[in-house]
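Structure first, then comments.
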Amino acid sequence: MKFLVTGAAGFIGFHVAQRLLARGDTVVGLDNFNNYYDVGLKEARAALLSREPGFSLVRGDIEDQSAVDRVFAEHQPARVIHLAAQAGVRYSLKNPLAYTRSNVTGFLHVLEACRTHEVEHLVYASSSSVYGGNTKVPFSEHDRVDHPVSLYAATKKANELMAHTYSHLWRLPTTGLRFFTVYGPWGRPDMALFLFTRAIVEGRPIQVFNHGHMTRDFTYIDDIVEGILRVVDKAASPDADFDAALPDPASSLAPYRVFNIGNSQPTPLMTYIEEIERQVGRVAVREYCEIQPGDVVSTSADTTELEKWVGFKPSTPIEVGVKHFVEWYRRYYNVGS
Numbered sequence: 356m357k358f359l360v361t362g363a364a365g366f367i368g369f370h371v372a373q374r375l376l377a378r379g380d381t382v383v384g385l386d387n388f389n390n391y392y393d394v395g396l397k398e399a400r401a402a403l404l405s406r407e408p409g410f411s412l413v414r415g416d417i418e419d420q421s422a423v424d425r426v427f428a429e430h431q432p433a434r435v436i437h438l439a440a441q442a443g444v445r446y447s448l449k450n451p452l453a454y455t456r457s458n459v460t461g462f463l464h465v466l467e468a469c470r471t472h473e474v475e476h477l478v479y480a481s482s483s484s485v486y487g488g489n490t491k492v493p494f495s496e497h498d499r500v501d502h503p504v505s506l507y508a509a510t511k512k513a514n515e516l517m518a519h520t521y522s523h524l525w526r527l528p529t530t531g532l533r534f535f536t537v538y539g540p541w542g543r544p545d546m547a548l549f550l551f552t553r554a555i556v557e558g559r560p561i562q563v564f565n566h567g568h569m570t571r572d573f574t575y576i577d578d579i580v581e582g583i584l585r586v587v588d589k590a591a592s593p594d595a596d597f598d599a600a601l602p603d604p605a606s607s608l609a610p611y612r613v614f615n616i617g618n619s620q621p622t623p624l625m626t627y628i629e630e631i632e633r634q635v636g637r638v639a640v641r642e643y644c645e646i647q648p649g650d651v652v653s654t655s656a657d658t659t660e661l662e663k664w665v666g667f668k669p670s671t672p673i674e675v676g677v678k679h680f681v682e683w684y685r686r687y688y689n690v691g692s
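Take this note's numbering: the last position of the sequence shown gets the number 692, and nothing is skipped along the way.
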């Protein structure tokens with residue numbers, strides 16, 4: 356099977372491409388190598404993938420419609436895993452146009468190419484951020500998500516609406532995956548685990564927002580990848596029980612689905628920090644700060660629908676996941692204990 360993985364030099368895309376190659380699939384990776392974070396880390400991921408005979412890398416930007424069209428025309432992927440996006444909640448407050456260009460216009464280019472080239476199944480990254488101001492936990496796909504608290508979240512909700520439109524009009528099977536705080540080796544340097552580990556290793560203070568009164572459904576990268584692969588192998592289909600008089604946000608009469616992928620074990624931020632300290636072997640110097648605009652206090656995933664659909668439930672505990680990250684960090688940056 357030939358897959359197109361957009362954002363293949365990114366954190367999740369890199370791991371997804373590795374797993375696809377390991378099971379014998381052919382992977383075309385598309386990435387623009389932007390400088391939102393350390394480009395060297397992206398180049399290192401891409402270099403590892405490029406060693407595999409089944410992988411080919413295209414340097415291009417989903418914001419460029421002609422570039423997207425060329426990739427589809429040349430490589431004719433059967434299935435697409437769309438992970439390229441402008442990431443980050445807080446950065447969306449500083450550079451909102453980057454989010455509309457990549458996450459909205461770029462996504463439209465991918466949808467159009469999937470339609471034109473009759474792709475079997477499009478799986479794309481949504482986010483737990485779409486739940487926004489919701490306070491009922493755990494978050495369920497059956498809940499309405501009409502109150503985003505960041506532009507990043509709004510663009511991810513827009514992706515789900517756009518995908519539904521294409522599923523309805525063109526019968527393009529689409530599945531959106533709402534990821535919950537993904538972490539692990541080769542992770543993004545702007546995420547808490549990376550920031551905290553680096554600061555603790557270097558003896559610098561860490562910023563603890565909302566004075567530590569936050570909870571996150573931290574989900575290990577291997578669980579995310581397993582969920583993606585299982586979902587992409589089962590194309591979205593119409594829900595025979597869908598009632599248009601009482602519409603369910605999670606499904607449709609169109610071949611459209613949305614699923615949470617989270618660990619379903621919400622962890623207090625302070626417990627997460629303590630586990631990082633334990634694995635690094637040092638106590639952090641903590642600077643307690645107010646909550647940041649766009650942040651939410653708590654996230655928690657209901658994964659019942661994912662389990663029903665593909666028989667999988669993420670389960671990696673933070674003790675295991677944080678340990679693997681810290682070990683990778685020490686190797687990659689050549690940092691001793």
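Ideal placement from N, C-alpha and C gives every residue a C-beta, glycine not left out. Since the model is a prediction, treat every value here as computed from it, not as a measurement.
Please report the distance separating the alpha-carbon of residue i from that of residue j.
i	j	result
F366	V394	12 Å
T469	P560	Checking the displayed sequence, the identity of residue 469 turns out to be Cys instead of Thr. Taking the straight line joining both Cα atoms gives about 46 Å.
C644	A422	43 Å
E429	P408	18 Å
E642	Q562	5 Å
G488	S619	19 Å
G379	T626	39 Å
Y521	Y507	21 Å
N387	H464	15 Å
A490	A440	First, the residue type needs correcting, since residue 490 is Thr and not Ala in the sequence shown. The straight-line gap from Cα to Cα measures roughly 26 Å.
E557	F597	54 Å
V635	Q420	45 Å
S447	D424	27 Å
R445	K397	21 Å
I579	F534	8 Å
R686	V677	14 Å
V640	N565	16 Å
R406	A595	45 Å
L466	T455	15 Å
A372	L452	29 Å
H402	G691	In the sequence on display, residue 402 carries Ala and not His. In a straight line, the C-alpha of A402 is about 25 Å away from that of G691.
H472	F462	15 Å
V587	L477	8 Å
I628	F410	37 Å
P602	A377	40 Å
CB-CB under 7 Å to residue i, same chain, minus the five flanking residues each way: which ones, in chain order?
i	result
G531	Y479, S481, N514, E515, A518, V613
P369	According to the sequence as given, residue 369 is Phe; it is not Pro. Contacts found: A363, R400, L404, W541.
S606	D594, F597, R612
Where do the N-terminal and C-terminal ends of the beta strand (DSSP E) with residue i fall, by residue?
i	result
R533	529-534
L466	It is not in any beta strand (DSSP E) - L466 instead sits in the alpha helix (DSSP H) that spans 462-471.
T381	381-386
H679	Here H679 belongs to no beta strand (DSSP E); instead the alpha helix (DSSP H) covers 673-688.
R641	641-643
A480	476-482
V563	561-563
Quick one, are the C-beta atoms of residue i and residue j less than 9 Å apart?
i	j	result
A442	R543	yes
T654	S495	no
P623	P610	no
L548	Y538	yes
P540	H437	no
D545	Y392	yes
L661	G567	no
G617	T536	yes
K511	N450	no
P503	V492	no
T659	P669	no
T460	E418	yes
Note the first and the last residue of the continuous alpha helix (DSSP H) segment covering residue i.
i	result
D577	576-587
I628	624-635
K449	446-449
Q420	420-430
E557	547-557
A363	Note, A363: premise wrong, no alpha helix (DSSP H); not H, not E.
H437	H437 -> not in any alpha helix (DSSP H); beta strand (DSSP E) instead, spanning 434-437.
L506	506-525
V394	394-405
With a threshold of 6 Å on Cβ separation, who are the neighbours of residue i within its own chain once the five nearest residues in sequence on each side are excluded?
i	result
L359	V383, P432, V435
F551	I561, I631
M569	L624, V652
W683	P540
R585	V665, F667
G415	L385, A422
V413	L385, V426
L375	F358, V382
L608	P593, F597
P621	T570, D572, S655
A509	P503
So, for residue i: in the same chain, excluding its five sequence neighbours on each side, which residues have a beta-carbon less than 8 Å away from its beta-carbon?
i	result
P604	E496, H497, D498, R499, V500, V613
E475	A433, R434, P528, A590
V681	T552, I631, Q634, V635
Using a beta-carbon distance below 9 Å, is residue i in contact with chain D?
i	result
E418	As a matter of chain content, chain D is missing from the structure shown, which is built from one protein chain.
On the three-pair Cβ rule with 8 Å, is the segment 658-675 touching the segment 568-576?
A contact exists between the segment 658-675 and the segment 568-576.
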